[in-house]
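Note that the sequence shown covers residues -5 to 489 in my numbering.
All C-beta atoms in this analysis are idealised placements derived from N, C-alpha and C, irrespective of residue type, glycine included.
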Amino acid sequence: MTTMAVSPLATQQPTERKHRVPITVAYGDGIGPEIMEATLNILHAAGAQIEPSVIEIGEAVYKRGVTAGIEPRAWDVLRDTRVFLKAPITTPQGGGFKSLNVTVRKTLGLYANVRPCVAYAPYVKTRHPGMDVVIIRENEEDLYGGIEHQQTDEVVQCLKLITRPGCEKIVRYAFEYAVRTGRKKVSCFTKDNIMKLTDGLFHRVFDEISREYPQIETEHLIVDIGAARLVDTPERFDVIVLPNLYGDILSDVAAQMSGSVGLAGSANIGEHGAMFEAIHGSAPTLPRNVANPSGLLNAAMLMLEHVGQQQCAARIRNAWLKTLEDGIHTEDVAAESTRATVGTKQFAEAVMERLGKEPEYLKKAAPASAISIANASTGHTRVQPRKKELLGVDIFVGRPGVSPDALAALLRRCETTNLKLQMITNRGVKVWPNGLPETFCTDHWRCRFISSHPIDSAEVVALMFGLNNASIDVIKTENLYTFDGTPGFSLGQGQ
Ligand code: NAD
-5 MTTMAVSPLA
5 TQQPTERKHR
15 VPITVAYGDG
25 IGPEIMEATL
35 NILHAAGAQI
45 EPSVIEIGEA
55 VYKRGVTAGI
65 EPRAWDVLRD
75 TRVFLKAPIT
85 TPQGGGFKSL
95 NVTVRKTLGL
105 YANVRPCVAY
115 APYVKTRHPG
125 MDVVIIRENE
135 EDLYGGIEHQ
145 QTDEVVQCLK
155 LITRPGCEKI
165 VRYAFEYAVR
175 TGRKKVSCFT
185 KDNIMKLTDG
195 LFHRVFDEIS
205 REYPQIETEH
215 LIVDIGAARL
225 VDTPERFDVI
235 VLPNLYGDIL
245 SDVAAQMSGS
255 VGLAGSANIG
265 EHGAMFEAIH
275 GSAPTLPRNV
285 ANPSGLLNAA
295 MLMLEHVGQQ
305 QCAARIRNAW
315 LKTLEDGIHT
325 EDVAAESTRA
335 TVGTKQFAEA
345 VMERLGKEPE
355 YLKKAAPASA
365 ISIANASTGH
375 TRVQPRKKEL
385 LGVDIFVGRP
395 GVSPDALAAL
405 LRRCETTNLK
415 LQMITNRGVK
425 VWPNGLPETF
435 CTDHWRCRFI
445 SSHPIDSAEV
455 VALMFGLNNA
465 SIDVIKTENL
475 YTFDGTPGFS
485 LGQGQ
């Protein structure tokens, strides 16, 4: 790792802050170094009060055998500055390498991924000229815990974890963001008609918190119809808040719809730090001096807003919009409105030449209304312990080539005084009692044992003991609890 301070800023402008804000910068791989250089040049010319320290991340670090793609010492710099401007990196092919983004997000607790997706029509070609949507994606939970297991020869599992504090943080952030940036509506997409507990919690928290923001219009849509409407009429959306996986997919879809993957930047915001980056990758096959630096530049503008330099961010944004309006474009967005197709360096120079100018047609950035997206109140409550009672257990059994009735007969011999076999499902479909012979069954069975009244966990242990003696392959168990009398488990089969 190399750590160095970049030379003092060339041009000093009136700024909101007297001191320079220390930030961490990583030049990344592929087009990373050239778009970072272009971006920093613009920031310096605009008078951004930043003090960058450079760390090395990415391909070279991975190839040195550091599977996380970042040297342990670089964390000290990151934890010191707490603000990270990151160029894209190349993840080497093959197994064993961890996603640097996931590691940084989780280590710094960057729970909110914020991605404005704005159309710049007619200067950038898009089918959705009125699009101006901000996607706010939960960044830490859901299926991204990486908790996966092969359970039987035929079945693998990935655990989806959703927490109440996690939902509260992201939903409150989305509402605070909307209020602070003058947006009018927050939409929430989940799949809670199927995942009633996990997505259901996200939806419920959305409903609860929305009541604290009566001035903001709200709606909840099932993610499939929400996605369909987003790609059809993005103008009907303003801010969209989503759990991690849906947000991951739809934020890329939305960015592409707005024009080019080369345009959008994103912010990863947490209580202990923030990371800013373009949404695209390192484009390793792109020839030199062709890449559009706008994605990273937009991320850098989000960073300036985050550290309280809104005026500087607005100054850069207006110069950048003016550059687009003047038809000075990189190859990826070149269209009928293009007057000059330029390289990365020349595009940056064009933006610098226009500092102080404003766009005539595109919506100009107004510093007065630009409000920091940092320090939003992201409070969350810790849930008060409720009365938790054990009512039964789901035993997951691995057994190939058995019929549901034969398996039930085996299991019923292991029932205890209170724990009785209630049902068997296969891939969530009930196959006993009263299953249908047409149902396709794998070697993976969920067998529910339930009691009519609360039991002691010793009874589950006794059941397990009996199953073990009967040579039944127990893959895992999941206790069935009630919380203040309400079942904390799904009751039947999925839809
Ligand atoms: P990519 O985003 O690098 O490229 C996709 C397409 O978009 C390519 O045609 C590319 O030429 C074009 N493109 C991307 N950025 C552009 C820009 N600024 N200007 C003009 N055209 C641009 O995605 P990929 O090809 O799937 O991935 C390449 C590498 O990037 C992989 O190693 C991947 O793991 C990595 N990656 C890194 C990040 C990150 O660091 N955040 C994100 C995505 C992918």
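By Cβ distance below 6 angstroms, which residues in the same chain neighbour residue i in space, the five residues on each side in sequence not counted?
{"i": "residue 461", "result": "408 and 468"}
{"i": "residue 282", "result": "none"}
{"i": "residue 177", "result": "232 and 233"}
{"i": "residue 122", "result": "113, 228 and 251"}
{"i": "residue 56", "result": "63, 86 and 91"}
Short of 8 angstroms in beta carbon distance, which residues of its chain neighbour residue i, apart from the five on each side in sequence? Order them along the chain.
{"i": "residue 87", "result": "none"}
{"i": "residue 401", "result": "391, 393, 418, 426, 439 and 441"}
{"i": "residue 94", "result": "51, 52, 62, 63, 64, 83 and 85"}
{"i": "residue 104", "result": "98, 133, 134, 262, 263, 264, 267, 268 and 269"}
{"i": "residue 173", "result": "207, 209 and 210"}
Confirm the yes/no value for this check: CB of residue i, any heavy atom of the ligand NAD, distance under 8 angstroms.
{"i": "residue 326", "result": "yes"}
{"i": "residue 84", "result": "yes"}
{"i": "residue 318", "result": "no"}
{"i": "residue 50", "result": "no"}
{"i": "residue 80", "result": "yes"}
{"i": "residue 279", "result": "yes"}
{"i": "residue 254", "result": "yes"}
{"i": "residue 94", "result": "yes"}
{"i": "residue 274", "result": "yes"}
{"i": "residue 271", "result": "yes"}
{"i": "residue 22", "result": "yes"}
{"i": "residue 466", "result": "no"}
{"i": "residue 118", "result": "no"}
{"i": "residue 25", "result": "yes"}
{"i": "residue 284", "result": "yes"}
{"i": "residue 29", "result": "yes"}
In the DSSP output, which residue or residues are listed as bridge partners for residue i?
{"i": "residue 426", "result": "418"}
{"i": "residue 492", "result": "Here the chain comprises residues numbered -5 to 489, so residue 492 is not present and cannot be evaluated."}
{"i": "residue 295", "result": "Per DSSP, none; premise fails for residue 295."}
{"i": "residue 19", "result": "48 and 79"}
{"i": "residue 439", "result": "391"}
{"i": "residue 383", "result": "476"}
Skipping 5 residues on each side, what residues in its chain have a beta carbon closer than 7 angstroms to that of residue i?
{"i": "residue 289", "result": "256, 257, 258, 259, 272, 273 and 274"}
{"i": "residue 112", "result": "125, 126 and 252"}
{"i": "residue 445", "result": "385, 386, 412 and 413"}
{"i": "residue 482", "result": "475 and 476"}
Starting from residue i, follow the alpha helix (DSSP H) in both directions and report where the run begins and ends.
{"i": "residue 346", "result": "338 to 347"}
{"i": "residue 238", "result": "238 to 252"}
{"i": "residue 38", "result": "26 to 39"}
{"i": "residue 270", "result": "That residue, residue 270, is in no alpha helix (DSSP H); its beta strand (DSSP E) goes 268 to 272."}
What distance in whole Å lies between the Cβ atoms of residue j and residue i, which are believed to be in contact at a cut-off of 8 angstroms?
{"i": "residue 287", "j": "residue 316", "result": "Contact doesn't hold; Cβ gap of about 16 angstroms is too wide."}
{"i": "residue 453", "j": "residue 428", "result": "Rounded, the Cβ-Cβ distance is 27 angstroms, inconsistent with contact."}
{"i": "residue 73", "j": "residue 44", "result": "18 angstroms between Cβ atoms; not a contact."}
{"i": "residue 213", "j": "residue 181", "result": "5 angstroms"}
Tell me where the beta strand (DSSP E) around residue i begins and ends.
{"i": "residue 305", "result": "Element bounds for residue 305: not the beta strand (DSSP E) but the alpha helix (DSSP H), 304 to 319."}
{"i": "residue 204", "result": "From DSSP, residue 204 is part of no beta strand (DSSP E) but of the alpha helix (DSSP H) over 192 to 204."}
{"i": "residue 147", "result": "Per DSSP, residue 147 belongs to no beta strand (DSSP E) and is neither H nor E."}
{"i": "residue 182", "result": "179 to 184"}
Can you determine whether any heavy atom of the ligand MN sits closer than 8 angstroms to the C-beta of residue i, and answer yes or no?
{"i": "residue 287", "result": "Among the ligands present in this structure, namely the ligand NAD, the ligand MN is not found."}
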